[in-house]
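Chains as they are written, first to last, in my numbering: chain W, 1 to 258; chain Y, 1001 to 1258; chain V, 2001 to 2258; chain R, 3001 to 3258.
Ideal Cβ positions, reconstructed from N, Cα and C, are used throughout, including at glycine.
For clarity, every value in this text was computed on a predicted model and none was experimentally measured.
What follows is a short report on a single structure.
There are 4 protein chains.
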Amino acid sequence: MANSKYEYVKSFELKDNLLPQTWMVLRIDGCHFHKFSQAHDFEKPNDECALRLMNECAVDMLMEFPDMVFAYGVSDEYSFVLKRTSTFYQRRASKIVSLTVSFFSSTYVMKWSKFFPHKELQYPPSFDGRVVCYPSSSILRDYLAWRQVDCHINNQYNTCFWMLVKSGKSPKDAQNRLKGTQTQDKNELLFQEFGINYNTLPEIFRKGSCVLRKEVEEIVKHSEAGDPVRRPRKKIVVQHCDIIGNKFWDEHSYLLSD
Amino acid sequence: MANSKYEYVKSFELKDNLLPQTWMVLRIDGCHFHKFSQAHDFEKPNDECALRLMNECAVDMLMEFPDMVFAYGVSDEYSFVLKRTSTFYQRRASKIVSLTVSFFSSTYVMKWSKFFPHKELQYPPSFDGRVVCYPSSSILRDYLAWRQVDCHINNQYNTCFWMLVKSGKSPKDAQNRLKGTQTQDKNELLFQEFGINYNTLPEIFRKGSCVLRKEVEEIVKHSEAGDPVRRPRKKIVVQHCDIIGNKFWDEHSYLLSD
Amino acid sequence: MANSKYEYVKSFELKDNLLPQTWMVLRIDGCHFHKFSQAHDFEKPNDECALRLMNECAVDMLMEFPDMVFAYGVSDEYSFVLKRTSTFYQRRASKIVSLTVSFFSSTYVMKWSKFFPHKELQYPPSFDGRVVCYPSSSILRDYLAWRQVDCHINNQYNTCFWMLVKSGKSPKDAQNRLKGTQTQDKNELLFQEFGINYNTLPEIFRKGSCVLRKEVEEIVKHSEAGDPVRRPRKKIVVQHCDIIGNKFWDEHSYLLSD
Amino acid sequence: MANSKYEYVKSFELKDNLLPQTWMVLRIDGCHFHKFSQAHDFEKPNDECALRLMNECAVDMLMEFPDMVFAYGVSDEYSFVLKRTSTFYQRRASKIVSLTVSFFSSTYVMKWSKFFPHKELQYPPSFDGRVVCYPSSSILRDYLAWRQVDCHINNQYNTCFWMLVKSGKSPKDAQNRLKGTQTQDKNELLFQEFGINYNTLPEIFRKGSCVLRKEVEEIVKHSEAGDPVRRPRKKIVVQHCDIIGNKFWDEHSYLLSD
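Written out as structure tokens, the structure reads:
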């Protein structure tokens, strides 16, 4: 019983390879996470445990997929940068998107109880994903800047909104109070009404999270005399810092070089 | 701080909509499941618990995504048929692939302990996925027949292989013994050497699993006289049957009609 | 001097094969033909010579490309239907579009003087093209109906517009006169003001042009007794008829059968 | 008679936009030009009139399409570079390929008699085309180098082949004589057997043709004293020179800058 009679159906599988020598960015987004965050009683405007779970999944991604050189996450969204020269799965879009989103989702569920030991996962979370190509490092940096600016805008708005709601305003009233306000106005509001200096809030909320490989010195053993012996090692770290300006990229120039 | 300066990066997100009015088939495949099945000590040639876990995930898929009208699974692979008229996520390939594979993966991890109460999940499983369009019902049926023929070929081979190995042959010797054998030869081998009638092995192994919505009569209440009152209801069921011939499709013609 | 050092650039050529077993329709459109028709003083609203040139190019297309089974043209636009089973250039979109549009353009220029013996071609005409896949014969027929309805709507409007302009109205006034009118109103206008019965205008204007292969009896020789001997032969013909209803397709059912 | 009932067919027209901010190269190739060159009795190994006709068509392309910044041609093939920032037809592949190939084909036919005043065009020539994206200037330069190396390899081979054939060898024998020869061997052969110094053959044959805009000083009028008044003007020129090394690109750095 050979299978040749039906094998012609394989011809319907069209190629979806992505342009070589471009930066590929996989962006993952929580699906219906507004509902998910309510079902799991996430703290508002930011739930630090939920963010740390996302970050740990991202760290595991870089561990699992060596072609990922950098990741940036905010809220229920994460962007993973695959290096320009990557030939991961011959750059086939479906393969890359499905495998990575699948791994991320599995990891998220497996690690849930580590970050929420007292909350049971109510139902399977799902994430959508897409891969987008950027032809140059400078456009890639603009992409990442776009996400970080978005983080700032949303976080500032949400911080105000939830402070107003927690202080007794209805969601409707809170919305109206914020309509048309600028960055400066929102900072004023937080300070005047709630004594909050926005710029001192945790960086993980204001800046989002970066995941990258970094050379660190680690103690690998002790000499006979008892002195620690250090060796450089690549380690995956999480940082919360500005990635819009040049400073970060100057200090980590190896990330975008080939 | 408006985001307009960087928003141009959105123009790099190219459209990947699939041709309307074609059957879309999402095929999910376990990634490195050879290693995964060893790490979790799956029974050979078929682990019924692992298959039942896959089937339950598939049932949950049809529950979650109403546009899925049929699914066929074998081993660590599952094909989901989306109806021809589906406009799920405007038929965008990345969205469909990522979301569904993500949901399947999450469900697989969440349900693991139900099917393997005494085995801990060692590491996050991952699945790849792709969506392929088939322009007519008859080609779609050929696709499904292709998968079921494959199921048969592989299962027959694996059944022989593992019987030989379990009876003391080395994997190498087992392979050589089977080289060049036809369907009939393998059936003979099983019968002569091991007293096994291949056709009496469980259908879940020989035919794979079909998942579909079916109208069933269910007792909804009892009359005053104590008689059961039945109502027709759509229910998602799992079956193990031939889907190559016409019989199944004649009996379930609603599956492929619009 | 081998070329291997640079051959990697071939990897940037991505595949663009179209879904097998679907009807492919190549639609060609004159580029800036409003200007082209003015530069060549085309008669308004329809220039029969220009239409007959388009039709002859379409006939040559069916002669050159055997996979084209039908063509429908109106004004400076032509749609060519490639049969569902076609594997022309492995169904690569760029190859199909470029080659056919190129051949059409060359033919148009070469045949120009046959249809316009007293007008010189002022500059090279150009056509754009695209290939679209339709998964079923009934959707293909809807596509062709769409073009013929468009032909009707445009021709009726243009006939009115140019009658008004030729009778002394300014283009602006003609436009205003027609704003909001329905089919029936336009027919009335033509009849009342210009004594024209729209339905008696040439079918080539009202119905557009169909190009197809047809079995015809042709006299191939004469018998000794002087009687003509006829043999059936496939011939490419041009017709102007309704392709929205069933009649044409019933009479030419071989066109859409495989 | 509105057209809304059928307009749904437009949804089958899928997007094919190309990645922004990449160099787009349109490569045009004569279709079956082996036969075409025989039918029109082209001189072998190179027909200068045919090449000059190709070049003039290329010049007209740069005139017609301002986004084309450079073109390189050899034999019946031409590559046109569209600038990285081009948004020509929103970078839709079909539109770009069809329109440009159509214009090239029309121009080729219209200009034929200027270059072949005594030869009639036997039948409509056709060209195929494709657009490929290159993400960086250095890869684009590698692409162009690839074409010029190909020009060199083919021309050297063809020059030898046709000298052997013209001197009385059969095509078969000529082929065998050249099998396995290197660049140096072929140069020797030409020199020893035919007294030809390959490097003194016309550059149009050895280097192919470049088409580009160049700033030139042109006499625009004469002063009252009769002195010529020169003004800088962008002019489209044809050159035959090396484009593999840096020299050309250093001297014309504006071509690849944005």
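Residue closest to residue i, alpha-carbon to alpha-carbon, out of the options
i	options	result
F259(W)	F65(W), E77(W) and T87(W)	Nothing can be reported for residue 259(W), as the shown portion of chain W is limited to 1 through 258.
G2129(V)	H2252(V), K2169(V) and C2031(V)	C2031(V)
E3048(R)	V3149(R), L3190(R) and E3203(R)	E3203(R)
Q1156(Y)	R1213(Y), S1170(Y) and L1190(Y)	L1190(Y)
K2234(V)	A2093(V), Y2254(V) and V2097(V)	Y2254(V)
L3026(R)	K3015(R), C3057(R) and C3133(R)	C3133(R)
K2207(V)	L2051(V), D2250(V), F2036(V) and G2195(V)	L2051(V)
S1137(Y)	H1222(Y), D1016(Y) and W1023(Y)	W1023(Y)
T3100(R)	F3070(R), F3161(R), I3028(R) and F3036(R)	I3028(R)
P1125(Y)	D60(W), K166(W) and S223(W)	D60(W)
S3075(R)	M3054(R), K3095(R), A3093(R) and R3092(R)	M3054(R)
V1229(Y)	I1236(Y), V1238(Y), E1218(Y) and V1237(Y)	E1218(Y)
F339(W)	V211(W), P232(W), G168(W) and S167(W)	Residue 339(W) lies beyond the range of chain W shown here (1 to 258); nothing can be said about it.
T2200(V)	T2159(V), K2247(V) and Y2123(V)	T2159(V)
E3013(R)	M2063(V), I2139(V) and P2117(V)	I2139(V)
R3231(R)	V3238(R), V3220(R), V3237(R) and E3224(R)	V3220(R)
Y1078(Y)	T1085(Y), S1105(Y) and T1087(Y)	S1105(Y)
L3062(R)	N3246(R), V3237(R), G3245(R) and F3248(R)	V3237(R)
K114(W)	G195(W), E56(W) and K179(W)	E56(W)
S1004(Y)	P171(W), V216(W) and W146(W)	W146(W)
M3163(R)	K3172(R), E3193(R) and I3153(R)	E3193(R)
F2248(V)	S2011(V), Q2038(V), L2144(V) and Y2108(V)	L2144(V)
Y2123(V)	V2131(V), P2135(V) and M2110(V)	M2110(V)
A3058(R)	L3256(R), R3177(R) and T3107(R)	T3107(R)
Residue i in three-state terms, based on DSSP
i	result
N2017(V)	strand
K1169(Y)	coil
Y2008(V)	helix
Q1192(Y)	helix
Y123(W)	coil
L2053(V)	helix
S1102(Y)	helix
H3034(R)	helix
E3048(R)	helix
T200(W)	helix
E64(W)	helix
F3116(R)	coil
E3043(R)	coil
S257(W)	coil
Q184(W)	helix
T2087(V)	coil
Strand pairing of residue i, partner residues [DSSP]
i	result
D2029(V)	E2077(V) and D2128(V)
F1070(Y)	V1081(Y) and L1212(Y)
R1206(Y)	Answer is none; R1206(Y) lacks a bridge partner.
W23(W)	Y134(W)
R2092(V)	N2017(V)
Contact belief for residue i with residue j at Cβ below 8 Å, rounded distance in angstroms
i	j	result
R182(W)	I243(W)	Looking at the sequence shown, residue 182(W) is not Arg but Gln. Wrong, their Cβ atoms sit about 23 Å apart, outside the cutoff.
H3240(R)	S3209(R)	6 Å
K1119(Y)	H1040(Y)	6 Å
S2098(V)	A3093(R)	Between A3093(R) and S2098(V) the Cβ distance is about 10 Å, and since that is not below 8 Å, they are no contact.
Q2090(V)	N2187(V)	Not a contact, Cβ separation roughly 49 Å.
N1081(Y)	D142(W)	Note that residue 1081(Y) corresponds to Val in the displayed sequence, not to Asn. Not confirmed; about 41 Å, so no contact.
May I have a chain-ordered list of the beta strand (DSSP E) segments no shorter than 3 residues that lie completely inside the region 1216 to 1241 of chain Y? Complete beta strand (DSSP E) runs here, min 3: 1228 to 1239.
As an exercise, report each continuous alpha helix (DSSP H) stretch of at least 4 residues that is fully enclosed by the region 3134 to 3180 of chain R, in chain order. Fully enclosed alpha helix (DSSP H) runs of 4 or longer: 3137 to 3166 and 3171 to 3178.
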